[in-house]
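J.:
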Amino acid sequence: MLIRNLEEQARKLLQKDFGIEAENFSFTEPPPHIGADLASSFAMSAAKRAGKNPVETAKLAAGALSSIMDVQNTGGFLNFKLKDSFFPEFLDAFKSEKYFSSPEKEKTKINIEFVSANPTGPLHLASGSGASLGDSLARILSALGYGVSREYYINNVGNQVRMLGLSLKARFSGQPVPDEGYHGEYLKDIAAEVPEEAASWPPEKFGAFAMEKIVSSQKKVMADFNVDFDLWFEESSLHERNLPAKTLAALKEKNMAYEKDGAIWLGLAESGSDDKDRVLVKSGGINTYFLNDLAYHADKFSRGFNKVIDIWGADHHGYVPRMKAGLEALGYPPEAFTVIIHQLVSLKKGGETVKMSKRAGEFVTLSELISEVGTDACRFFFTIRSPKTHLVFDIDLAKKKSNENPVFYVQYVHARINSIFENAAQKGLSGIKPDWASYRLNDDERKLLLKVVYMEKVLLQCEKELSPHHIPTYLTELAGLFHSFYDRHKVVDETNKQASAVRLALMGAVALAIRRGLSMIGVSAPERM
RNA sequence: GCCCCCAUAGCUUAAUGGAUAAAGCAACUGCCUUCUAAGCAGUUGAUCCAGGUUCGAUUCCUGGUGGGGGUACCA
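If you count the first sequence from 1, position 518 lands on 499 in our numbering, and the numbers rise without skipping.
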């Protein structure tokens, strides 16, 4: 992480030589017309805080930093040129598997739970969005060094299982499906697999049968989507270990739970996070989903995670304060639990917005989408948007345009560089060590290399916002620079072995950045297209 | 009613409070005897409205307008 090292040095210099409070000094990518390698608006914001003249502050800062880089002070902006020796050093360091990782992050164990769709039907479009987000974030955090575990919660207890069983039984015996039941076509397919002797099964057995089929198909779709969960957690295992009752006891002990109208309530109205008291045990003696969910999250902490992240669709956002308040009541620090809300995907088909309702069985399944559009295009498409975007997904357009998905633009870089290396090998030009001391990078080479250098900033941005969408944006920009470079410069040049060696090293770094970036969003990097 | 999210080019979306707002699609003009034209170069084109904070606002605050979601002893 070389930029971070430079920033660290810069902070120390600023603080030591001039006593400027420099904790938040950082480099940014300058606009292209400036022609600098790195930029910072530090002087202007620091001047405000210190009550000094911005131009004077910039002058001081420029002086302080001139020992590590060439600095220009342009009307308060600081613009930097890296020394030429930076680049070979960077290329060498970048090859390390742990380039983005930092030791202090390795101590933090993060549990990230996502998708967790009800096991009562196939995964649909929204699950694709949640899966892309959660898995990509897990991959990015893991690249940064965190210990990350991906988890899927299977809600296999309760009334919905009963309804699922009744619905399957109805399908099996040719009876009408109950109004409150599940009407989707998929239960017809499952009914066809039910053995003859099921005529004597109790309804629960139908429920278990359907659920087993549905969960295993969900597992398969996730695998097809390049998402690998470390744990598929069954709600029933909570009850086997009596955890909801223990959670309830813990809340009672803290005097947070009380009885009213025959139900047991959690007193949250005063807590600040939530605004009203919530039921834990219904007057019939049955746990609410909330209590079981609290027990589940408490279990995550007791398994040794310091940080618990949930990814929910926006339709559940009203549940966030309750969950946070509940966990705080149990004594967990508020910052240890984070919920990421992603906005809902609405669907456009044949020019009309389609309402997605499970009961009506009227949705586009994720597996259908994957087989039509492909995992790579699908994941890139979902990941390139910020989770806050209210996406309208035009299914017809997505199918038609899958060839124009920017993912191919990025993947094509990898394929092209692979060809370059094949060509170099054929001409006996591979494996030559570049002599950096005698080579002067031209502007295009420098620009491309700098873009690779910036990658670490992109990852940190993703970490800060807990959003992976900066990665595909970055990759598209890097790909643009590469294709432009490719068009203008020949990499393999038998008449200039030195230039070839340098450019091959550069291409190696670009390919590595593309490969890593794509892998962080679960997309393949083909060698040939 | 109250709460949360959103509003950027014809369309779908980017942009730690910074410099000339960036891509893809669509439209138009050129470029394959060269390491893959799934590419390159170029043209047209945008910050919902009204205030405020700031040296500086697409970004922050207030109020509108329009859209999505939520407001269970459901899961």
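All C-beta atoms in this analysis are idealised placements derived from N, C-alpha and C, irrespective of residue type, glycine included.
Do ALA310 and LEU219 count as a contact pair if the criterion is CB distance below 8 angstroms?
T.: no
J.: Whole angstroms is fine: what's the gap from VAL434's alpha carbon to TRP293's?
T.: 33 angstroms
J.: So which of THR476, PRO507, ARG427 and ALA43 has the shortest CA-CA distance to LEU72?
T.: ARG427
J.: With a threshold of 16 other CB atoms inside 10 Å of the CB of TRP356, please say whether the residue is buried or exposed.
T.: At residue 356 the sequence reads Thr, which differs from the Trp that was named. Buried is the call here.
J.: Hey, would you say ALA24 sits closer than 8 angstroms to PRO11, going by beta carbons?
T.: no
J.: Does MET352 come out as helix, strand or coil in the three-state DSSP assignment?
T.: Contrary to the premise, residue 352 reads as Ser rather than Met in this sequence. DSSP places SER352 in helix when its eight states are reduced to three.
J.: What did DSSP end up calling SER254 once you bin it into helix, strand or coil?
T.: coil
J.: Less than 8 angstroms between the beta carbons of TYR(-8) and GLU4, yes or no?
T.: Sequence check: residue -8 is Arg here, not Tyr. Yes, they are a contact pair.
J.: For ARG259, does the three-state DSSP call read helix, strand or coil?
T.: strand
J.: Any chance the region 379 to 388 sits against the region 144 to 154, with 3 or more Cβ pairs inside 8 angstroms?
T.: no
J.: Cβ atoms of LEU372 and GLN324: under 8 angstroms apart, would you say?
T.: yes
J.: Measure the CB-CB distance between ILE521 and ASN60 and report whether it falls below 8 angstroms.
T.: As shown, the chain starts at -18 and ends at 510. That puts residue 521 outside it, with no answer to give.
J.: Could you check if ASP18 is buried or exposed, using at least 16 other CB atoms within 10 Å of its CB as the buried criterion?
T.: buried
J.: DSSP three-state label for ASN399, please.
T.: Correct three-state label for ASN399: helix.
J.: In whole angstroms, what is the alpha-carbon distance linking ARG497 and GLU87?
T.: 19 angstroms
J.: Per DSSP, which residues does SER130 bridge with? Please list them.
T.: ASN92
J.: Is the region 82 to 97 close to the region 32 to 40, with three or more CB pairs under 8 angstroms?
T.: no
J.: Pairs of beta-carbons, one from the region 181 to 190 and one from the region 92 to 111, closer than 8 angstroms: are there three or more?
T.: no
J.: For ASN137 and LYS200, I'd like the C-alpha separation in whole angstroms.
T.: 15 angstroms
J.: Using three-state DSSP, classify TYR455 as helix, strand or coil.
T.: Here TYR455 sits in helix by DSSP.
J.: If you drop the 5 nearest sequence neighbours on each side, which residues of the same chain put their C-beta closer than 6 angstroms to that of GLU216?
T.: ASN136, ASN137 and VAL138
J.: Closest to SER348 by C-alpha separation, out of ASP(-2), GLY162, SER198 and THR9, would be which residue?
T.: SER198
J.: Out of curiosity, what's the CA-to-CA distance linking HIS278 and ILE351?
T.: 31 angstroms
J.: Looking only at C-alpha atoms, which of LYS478, ALA396 and LYS194 sits nearest to SER505?
T.: ALA396
J.: From ALA238 to ARG30, what distance separates their C-alpha atoms?
T.: 47 angstroms
J.: By DSSP's criteria, ASP515 is part of a beta bridge. Which residues make up the other side?
T.: Because residue 515 is not part of the residues shown, which for the chain are -18 to 510, the question remains open.
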